[in-house]
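The structure under discussion appears below in the form of structure tokens.
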Amino acid sequence: MATHFRVSRSLALIVAVISIGIVTAYLALPILTLFLHSNPALFISSLSEPKVIDALVLSLITSAIAMVIIVIVGTPAAYFHSRLEYPGKNIVDILIDLPLVLPPAVAGLALLLMYGRMGLFGQYLHIYGIDIGFTIIAVIMAQIFVASPFYLRQAKALFRQLDPSYEQTALSLGGSPLFIFATIVLPLTFEGLLSGLVMTFARALGEFGATIMVAGNLPGVTQTMPLAIYGAMEGDFNTAITISILLVLISFGIMAIISVLTKRRGLLA
Amino acid sequence: MFYSLLTYFAMIGMRSQKEKLCIGIILCIVLCIALAFTGCTSSTPGQGTTSTPTTGVPVTTSPAVTTQAPQKTLIAFTAASLSGASNKLGPAFSNVSQGYTVKFNLDGTQVLKQQIEQGANADVFISASNSYTNGLKNEGYLINNTVRNLTSNYIIVIIPAGNPGNITSLADLGTPGKRIAMGTPEVPVGNVTRQVINKLANSTYNSTWQTNLYNNVKTLETTEPGVVTKVSLGEVDAGFVYESSYKAAPPGTLNAISIPVKDNVLQIYTIGVLNSSTNQAAAQNFEDFMVSSAGQKILSDFGFRPYGS
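Here the protein sequences come in this chain order: B and L.
Per our numbering, the first sequence starts with residue 3, numbered consecutively.
Per our numbering, the second sequence starts with residue 33, numbered consecutively.
This is the structure in structure tokens:
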């Protein structure tokens with residue numbers, strides 16, 4: 003028995019090392035190659051290009067705004083969605099998840115046909131002189147569309163797992179709903195919500211397909227970092243690599259923050 | 033990543049510090065070996081056979097793995113402005129060739145050039161820009177004596193049906209508040225567009241008109257058909273495209289304002305066979321077909337001008 007156990011144990015060890023090694027190498031090596039193609043001097047010099055700075059600032063601002071809007075609208079929506087039973091709830095569930103599997107290009111086309119100047123809704127806005135297509139607003143709307151599931155799914159699950167008896171007790175003791183939400187629901191779900199939020203931000207930052215369809219590609223106005231990479235690939239390869247490295251660093255940082263937040267462990271643990 | 037590894041071993045009951053260390057070391061070695069491997073291959077830039085295209089190349093049928101008879105399919109990296117014509121050119125070539133078919137990889141010429149430099153697999157390069165063709169010639173990617181002029185095109189301003197921006201002249205393009213689409217500076221159509229605007233500003237209009245026009249630009253597209261789409265959808269008031277796109281558009285969908293020949297630039301398209309082509313004879317046949325009267329007839333039907341004009 004003991005020998006058997008030892009054999010299967012060492013077999014498991016071999017399979018574990020090989021399979022995890024493959025996964026790690028497959029994911030890490032292409033990313034490392036990006037760094038091999040650049041060097042600090044090159045990185046710094048293209049970092050100071052206006053195109054890169056414009057794209058970085060635009061990406062950070064739009065992603066932050068998208069994140070704030072998702073929190074403000076998404077938090078109560080997710081809360082009530084998980085607490086209430088209503089007809090069509092399953093369909094809403096599917097809709098919330100849909101952007102995760104929908105190609106962003108489809109999302110972009112749909113947004114354009116809805117909010118573009120000749121769009122179903124956009125044509126009425128246009129009468130009042132409001133044009134959404136090819137503006138920074140379109141960038142943010144595209145980001146909200148594709149990134150919202152990351153927050154909504156997380157929030158939905160957290161609120162559903164939360165025992166409603168806490169809220170009911172507090173309500174019976176005379177607490178106002180807003181007070182109860184702020185003092186009971188929020189503290190109990192805060193960590194999870196925050197990690198969902200950070201994921202949303204990261205997804206918004208990486209948004210490409212929907213943005214280029216509905217917001218176009220204009221440096222300094224609608225050209226976010228992923229669009230700038232695409233643009234730079236056609237001319238200035240170094241700039242493309244620099245922006246890519248920036249995005250890798252930011253994304254890695256974001257994931258590290260989540261890891262620390264949710265697992266309360268060091269990165270190398 | 034180490035976290036998940038250790039969870040796994042905690043699960044199956046291996047918790048000794050020694051074992052953890054052992055696994056860590058093995059993993060590091062695997063990583064180092066793999067890294068050294070990529071280091072070697074990435075140190076051979078240019079047309080190394082191991083390098084793969086970094087952008088999403090639609091062509092996934094490399095001859096080695098294709099399920100169709102490999103020597104029977106030609107891959108033509110083709111300027112996107114030929115998209116419409118390619119639908120007719122492909123079948124027409126198949127009819128006259130001995131069973132060969134052509135797959136067109138349509139994108140901005142600047143993207144095609146980049147893909148070829150990154151080792152993409154292609155037989156023929158059809159370029160909308162002499163500078164990119166010359167670039168590839170100088171870098172040794174093209175068989176230089178196969179490079180020939182194919183066709184030509186002028187720049188035109190197109191306007192969506194219904195004229196939402198109320199644009200009736202080139203002067204209107206410089207009125208603040210109009211919405212304009214054009215190509216990026218890298219895509220050939222965008223490059224010529226800038227030359228044309230410059231000439232117009234010098235000959236007829238002025239620098240204020242030019243500045244206002246550029247301020248009206250709402251999107252820079254990476255392909256010429258991209259500009260056409262934005263105009264056709266009515267999302268912009270006007271766009272700078274090739275004359276062929278206007279001529280080949282369904283009647284009634286687009287209006288146009290032409291640019292005087294003296295201010296216009298005739299864009300010459302070229303065609304050439306790639307050095308890396310495994311099928312150079314057939315590629316040469318395709319090129320011959322393209323410059324033959326049959327090929328030129330199709331191009332002319334799609335609004336292109338003869339290359340000699």
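From the three backbone atoms N, C-alpha and C, an ideal C-beta is built for every residue, glycine too.
Query: Residues of the region 238-270 of chain L with Cβ closer than 8 Å to any Cβ of chain B, in chain order; Result: V249, K250, T251, L252, E253, T254, K262, L265, G266, E267, V268
Query: Environment of T81 (chain L) [buried if 16+ CB atoms lie within 10 Å]; Result: Because the pLDDT at T81 (chain L) is just 34, under 50, the model does not fix this residue reliably, and the value given afterwards should be weighed accordingly. Result: exposed.
Query: Three CB pairs or more closer than 8 Å across the region 302-315 of chain L and the region 273-284 of chain L; Result: no
Query: CB contact below 8 Å: N240 (chain B) versus chain L; Result: no
Query: I256 (chain B) versus I291 (chain L): straight-line alpha-carbon distance, rounded; Result: 51 Å
Query: Min CB distance T225 (chain L) to chain B below 8 Å; Result: no
Query: Test item: CB-CB of L232 (chain L) and V263 (chain L) under 8 Å; Result: no
Query: Option nearest I229 (chain L) by Cα separation, candidates L:V293, L:T133, L:I300; Result: L:V293
Query: Residues sharing a beta bridge with I245 (chain B), DSSP; Result: DSSP, once it has assigned bridges, lists no residue as partnering I245 (chain B).
Query: Interface residues of chain L facing M120 (chain B) [CB-CB closer than 7 Å]; Result: L265, G266, E267
Query: Cβ pair count under 8 Å reaching 3, the region 100-114 of chain B against the region 186-196 of chain B; Result: no
Query: DSSP three-state assignment for I291 (chain L), whether helix, strand or coil; Result: coil
Query: Reduced DSSP secondary structure (H/G/I, E/B, other) of Q150 (chain L); Result: coil
Query: Straight-line Cα distance separating Q125 (chain B) from N244 (chain L); Result: 25 Å
Query: At least three beta-carbon pairs within less than 8 Å, the region 245-261 of chain L to the region 205-219 of chain L; Result: yes
Query: Min CB distance Q142 (chain L) to chain B below 8 Å; Result: yes
Query: Proximity to A242 (chain B) [Cα-Cα], best of B:T26, B:I129, B:K158, B:S40; Result: B:S40
Query: P257 (chain L) versus S113 (chain L) - alpha carbon distance; Result: 6 Å
Query: Residue span of the alpha helix (DSSP H) that contains A234 (chain B), given as start and end; Result: 227-235
Query: Chain L contact for E193 (chain B) (CB, 8 Å cutoff); Result: no
Query: Terminal residues of the alpha helix (DSSP H) in which N127 (chain L) lies; Result: 115-128
Query: Beta-carbon proximity check, I252 (chain B) vs L36 (chain B), cutoff 8 Å; Result: no
Query: Straight-line gap, G118 (chain B) to H128 (chain B) (C-alpha atoms, nearest Å); Result: 9 Å
Query: Proximity test, G118 (chain B) beta-carbon vs the ligand MN heavy atom, cut-off 7 Å; Result: The model depicted lacks the ligand MN and carries no ligand whatsoever.
Query: Burial state of E87 (chain B), where buried means 16 or more other Cβ atoms lie within 10 Å; Result: exposed
Query: Contact with chain B by E171 (chain L), beta-carbon distance below 8 Å; Result: no
Query: Cβ contact check for the region 171-183 of chain B and the region 92-102 of chain B: 3 or more pairs under 8 Å; Result: no
Query: Reference G131 (chain L), options L:A124, L:V156, L:D155, L:K104, closest by Cα; Result: L:K104
Query: Contact list for T216 (chain L) against chain B, beta-carbon separation under 8 Å; Result: N219, G233, E236
Query: C-alpha distance - I158 (chain L) paired with Q150 (chain L), whole-angstrom precision; Result: 17 Å
Query: Extent of the continuous alpha helix (DSSP H) to which Y81 (chain B) belongs; Result: 52-85
Query: Cβ-Cβ distance between R2 (chain B) and F152 (chain B) below 8 Å; Result: Absent from the model: residue 2 (chain B). The displayed extent of chain B is 3 to 271, so no value can be given.
Query: Within the region 185-272 of chain L, ranges of the beta strand (DSSP E) (whole runs, at least 3 residues); Result: 187-192, 212-215, 249-253
Query: Interface residues of the region 118-150 of chain B facing chain L [CB-CB below 7 Å]; Result: G118, R119, M120, G135, F136
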